[in-house]
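Here's the structure we're looking at; comments come further down.
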Amino acid sequence: MSEPVATEPTALRISVSTAIIMALFTLIFTALMAGTYLATRDTIARSAQAQKLVLINEVLDPKSYDNNLLKDVLTLASTPELGLPRGGQVWRARKGGQAIGLVIEANAPDGYSGKIGIIVAVLADGSVGGVRVTEHRETPGLGDYIDPAKDKNKAAPWIAQFAGQSPATLPLAQWKLKKDGGEFSYRTGATISARAVTAAVARAVSYVHTHHAQLYAEGNTP
Amino acid sequence: MTQKVSEIAWNGVWKQNTGLVQILGLCPILAVSTSFVNGVSLALATIVVMALSNAVVSALRQYIPYEIRIPVFILIIAALVTVLDLAFNAWLHSLYVVLGIFVPLIVTNCIVLARVEAFAAKNGVLASTIDGVAMGVGLLLVLGLLGGARELIGTGALFNGIDMIIPGASAWQILPPDYPGFLLAMLPPGAFVALACLIAGKSWLDARAAARQATASKPDTLPNANMA
Chain B
738 MSEPVATEPT ALRISVSTAI IMALFTLIFT ALMAGTYLAT RDTIARSAQA
788 QKLVLINEVL DPKSYDNNLL KDVLTLASTP ELGLPRGGQV WRARKGGQAI
838 GLVIEANAPD GYSGKIGIIV AVLADGSVGG VRVTEHRETP GLGDYIDPAK
888 DKNKAAPWIA QFAGQSPATL PLAQWKLKKD GGEFSYRTGA TISARAVTAA
938 VARAVSYVHT HHAQLYAEGN TP
Chain E
2 MTQKVSEIAW NGVWKQNTGL VQILGLCPIL AVSTSFVNGV SLALATIVVM
52 ALSNAVVSAL RQYIPYEIRI PVFILIIAAL VTVLDLAFNA WLHSLYVVLG
102 IFVPLIVTNC IVLARVEAFA AKNGVLASTI DGVAMGVGLL LVLGLLGGAR
152 ELIGTGALFN GIDMIIPGAS AWQILPPDYP GFLLAMLPPG AFVALACLIA
202 GKSWLDARAA ARQATASKPD TLPNANMA
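Heads up: the protein sequence lines correspond to chains B and E, in order.
Residue numbering for the first sequence follows my numbering, beginning at 738 and increasing consecutively.
Residue numbering for the second sequence follows my numbering, beginning at 2 and increasing consecutively.
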C-alpha cells in the first residue's frame with residue numbers, strides 16, 4: 738500500500754459502494770427475469786391449459802360428454818382433504834344435461850420429493866375413469882413411473898390400474914399398496930411415490946362420494 | 002486470446018473433464034445418470050447454461066469487483082437459468098416436458114460456477130463461450146456413457162424415454178427380454194461404482210498414451226522395454 742493512510746477508505750464506505758454495485762447487478766438481472774416472465778406468461782398459461790385438456794382427455798373419454806368441459810369448472814376453496822390448501826378445480830362432464838363424471842384435482846403432499854399433483858376422473862357411478870400425474874419431482878428412472886410418459890412398462894403403465902376401480906366393489910380401506918395390505922401394485926425400489934399417489938386417489942374418490950350433489954350443482958362455486 | 006481454440010476444447014472435453022478429472026457437479030451427475038436420455042438431456046441443457054453464463058460473465062468481468070464476484074456470479078447464473086427455464090417452457094414446450102425438472106438443478110451445479118470463476122472471469126467472450134461449450138461437451142460424454150451403462154446393466158435396454166424427444170422411436174432391448182434387471186445399477190451406489198470405472202478407464206487410456214509417447218521419443222529403446 739503506497740497510498741497515504743488518510744485516503745484509505747473506511748469499512749463503511751467500502752460496504753456502501755459494494756452494496757450499490759451489488760444492488761445494480763440485482764436490479765439489472767431481476768429486470769431480465771421479470772421481462773422474460775412477462776414475455777412468456779401468456780404462452781405458458783396457454784400451453785398449461787392445452788396440456789390440461791390433453792390429460793383430461795386421457796382420463797375421461799372426450800366422446801362421452803357434450804358440454805364444454807373447460808368452461809364447466811367448479812373452483813374449490815381451500816380443501817385440505819384433497820391436499821389443496823390453496824383450492825383447486827373440478828371439471829364437470831355432462832351429456833344432455835345428465836351428469837357423466839367429473840375430473841378433480843388433488844395433491845399428494847407426501848411424495849419422495851415433495852408434492853405430487855394428480856387429476857382423477859370419477860364417473861357418475863362412483864368408479865374411477867382414470868388417474869394422471871400432472872406435476873411431480875420424483876427421482877428420474879426410479880419413482881417417476883407414476884407418470885405414464887416415464888413408465889417403462891408402456892403396455893400396462895402403473896397408473897392404469899386405478900381405472901375401473903370403484904369403492905362399491907373395492908372398499909376404500911383397501912385402496913393401498915399390496916405391501917401395506919391393500920390391492921395396488923408398486924415397483925420395487927420406489928414405494929413412496931406409489932404410496933403417495935394411491936392415498937391421494939383414495940382421498941379424491943372418497944371426497945367425490947361424500948360431496949356428490951354439491952360438486953355437480955350448476956354455477957362455478959360450491 | 003491467450004489460449005488456442007483447440008487447446009480450450011481439448012481441455013474441456015478430455016484433459017480437464019468436469020466429470021472425470023475435476024470431479025465437479027457430482028450431485029446432478031449421479032442423480033440423473035439413471036438412463037441415457039436423462040443424462041444427455043441434462044448435459045444439453047447444461048451446455049446452453051455454461052456457454053451463456055461464461056459469455057455474460059466474461060463480457061461484464063471488468064465491472065464486477067473482485068470482492069463480491071461470487072454473489073454476482075451466482076446471481077447471473079441463477080437469472081440465466083430462470084430465463085432459460087421460462088423460455089423453454091414457453092417456446093420449446095415439448096423439450097421442456099423432458100428437461101423440465103433438470104433445468105433448475107443446473108443452478109446448483111458447481112461446474113457452472115467453477116468455470117465462470119476459473120475461466121470466464123479472466124478471459125475474453127469468445128474464448129469463454131468456447132470453454133463453456135467444451136466443458137459441457139465433456140460432461141455430455143460422461144453423462145451419456147454413465148447413463149447408458151447404468152441403464153443397460155440396470156434394465157437390459159437402452160434409450161428408454163427416447164420417444165419424448167423423437168416421437169415414435171422406442172427403446173432398444175439389448176439383453177434378453179427376461180433379464181431380471183440389476184437394481185444396484187439404478188441406485189446411487191451403482192452410480193459411484195460406474196463413475197469409478199469411467200475414471201479408471203480414462204486414467205488407463207492416459208497412462209497408455211503417456212507410455213507410448215515415452216517409447217516414441219526414445220527410438221533406440223527396445224519395443225518391449227516397458228514390459229520390464
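We put the CB at the ideal spot given by N, CA and C, even for glycine.
Computed from a predicted structure; not experimentally measured.
Please report whether the beta-carbon of residue i lies at a distance below 9 Å from any beta-carbon of chain E.
i	result
isoleucine 837 of chain B	no
leucine 879 of chain B	yes
isoleucine 758 of chain B	yes
methionine 738 of chain B	The predicted position of methionine 738 of chain B is uncertain, since its pLDDT is 47 and thus under 50; a value taken from the coordinates is nonetheless stated next. Taking Cβ atoms only, chain E never reaches closer than 9 Å to methionine 738 of chain B, which makes this a no.
lysine 789 of chain B	no
leucine 769 of chain B	yes
glycine 854 of chain B	no
First and last residue of the alpha helix (DSSP H) that includes residue i?
i	result
glycine 149 of chain E	126–156
glutamine 902 of chain B	It is not in any alpha helix (DSSP H) - glutamine 902 of chain B carries neither H nor E in the DSSP assignment.
glycine 926 of chain B	It is not in any alpha helix (DSSP H) - glycine 926 of chain B carries neither H nor E in the DSSP assignment.
leucine 199 of chain E	189–218
glycine 772 of chain B	748–796
isoleucine 282 of chain E	Residue 282 of chain E is absent from the structure shown; chain E starts at 2 and stops at 229.
glutamate 8 of chain E	6–11
proline 72 of chain E	70–92
histidine 949 of chain B	949–953
Could you give the residue range of the beta strand (DSSP E) that holds residue i?
i	result
arginine 62 of chain E	No beta strand (DSSP E) holds arginine 62 of chain E; DSSP gives it neither H nor E.
aspartate 847 of chain B	835–848
valine 108 of chain E	Where valine 108 of chain E is concerned, there is no enclosing beta strand (DSSP E), given that its DSSP letter is neither H nor E.
isoleucine 856 of chain B	851–860
threonine 812 of chain B	810–813
tryptophan 828 of chain B	825–832
valine 865 of chain B	865–872
For residue i versus residue j, is the C-beta distance shorter than 9 Å?
i	j	result
alanine 843 of chain B	isoleucine 837 of chain B	no
glycine 901 of chain B	valine 865 of chain B	yes
threonine 109 of chain E	cysteine 28 of chain E	yes
valine 33 of chain E	proline 877 of chain B	yes
glycine 867 of chain B	valine 857 of chain B	yes
serine 129 of chain E	serine 59 of chain E	yes
glycine 133 of chain E	leucine 53 of chain E	yes
alanine 150 of chain E	glutamine 174 of chain E	no
From residue i to residue j, what distance separates their C-alpha atoms?
i	j	result
phenylalanine 762 of chain B	valine 73 of chain E	7 Å
tryptophan 912 of chain B	glutamine 788 of chain B	28 Å
proline 822 of chain B	isoleucine 841 of chain B	15 Å
alanine 79 of chain E	proline 105 of chain E	8 Å
serine 204 of chain E	arginine 116 of chain E	23 Å
aspartate 207 of chain E	tryptophan 92 of chain E	43 Å
valine 791 of chain B	leucine 61 of chain E	44 Å
leucine 153 of chain E	glutamine 23 of chain E	26 Å
arginine 778 of chain B	alanine 768 of chain B	15 Å
asparagine 12 of chain E	tyrosine 67 of chain E	25 Å
glutamate 875 of chain B	threonine 35 of chain E	13 Å
methionine 136 of chain E	cysteine 111 of chain E	12 Å
methionine 228 of chain E	threonine 216 of chain E	Its pLDDT being 44, under 50, methionine 228 of chain E is placed unreliably by the model, and the measurement read from it follows with that caveat. Those two C-alpha atoms are separated by around 11 Å.
threonine 816 of chain B	alanine 782 of chain B	23 Å
asparagine 90 of chain E	leucine 807 of chain B	22 Å
leucine 81 of chain E	asparagine 55 of chain E	11 Å
leucine 952 of chain B	leucine 176 of chain E	51 Å
alanine 760 of chain B	valine 98 of chain E	34 Å
glutamate 872 of chain B	glycine 854 of chain B	5 Å
threonine 947 of chain B	valine 796 of chain B	21 Å
threonine 19 of chain E	valine 41 of chain E	15 Å
isoleucine 757 of chain B	isoleucine 751 of chain B	10 Å
valine 113 of chain E	proline 190 of chain E	25 Å
Cβ of residue i less than 9 Å from any chain B Cβ?
i	result
methionine 51 of chain E	no
methionine 187 of chain E	yes
alanine 229 of chain E	With a pLDDT of only 41 at alanine 229 of chain E, under the threshold of 50, the placement of this residue in the model should not be trusted; the figure read from the coordinates follows. Answer no: the Cβ-Cβ gap between alanine 229 of chain E and chain B never drops below 9 Å.
isoleucine 69 of chain E	yes
glycine 20 of chain E	no
alanine 226 of chain E	Interpretation of alanine 226 of chain E is limited by its pLDDT of 46, a score under 50 that renders its predicted location unreliable; the figure taken from the coordinates is listed afterwards. Judged by the 9 Å Cβ criterion, alanine 226 of chain E is not in contact with chain B.
serine 36 of chain E	yes
alanine 91 of chain E	yes
valine 98 of chain E	yes
glycine 161 of chain E	Reading the sequence as shown, one finds asparagine at residue 161 of chain E and not glycine. It does: the Cβ of asparagine 161 of chain E has a partner Cβ on chain B nearer than 9 Å.
leucine 146 of chain E	no
alanine 158 of chain E	yes
asparagine 39 of chain E	yes
threonine 109 of chain E	no
threonine 216 of chain E	no
Heavy atom of the ligand GDP less than 8 Å from the Cβ of residue i, yes or no?
i	result
arginine 151 of chain E	No copy of the ligand GDP occurs in the structure displayed, which carries no ligand at all.
I'd like to know whether the C-beta of residue i is nearer than 9 Å to at least one C-beta of chain A.
i	result
glutamate 152 of chain E	Checking the listed chains, one finds no chain A in this structure; the protein chains it contains are B and E.
message: Counting beta carbon pairs with one atom in the region 33–49 of chain E and one in the region 122–141 of chain E, are three or more of them shorter than 8 Å?
response: yes
- prompt: Is the region 941–950 of chain B touching the region 889–896 of chain B, taking contact as three or more C-beta pairs under 8 Å?
  reply: no
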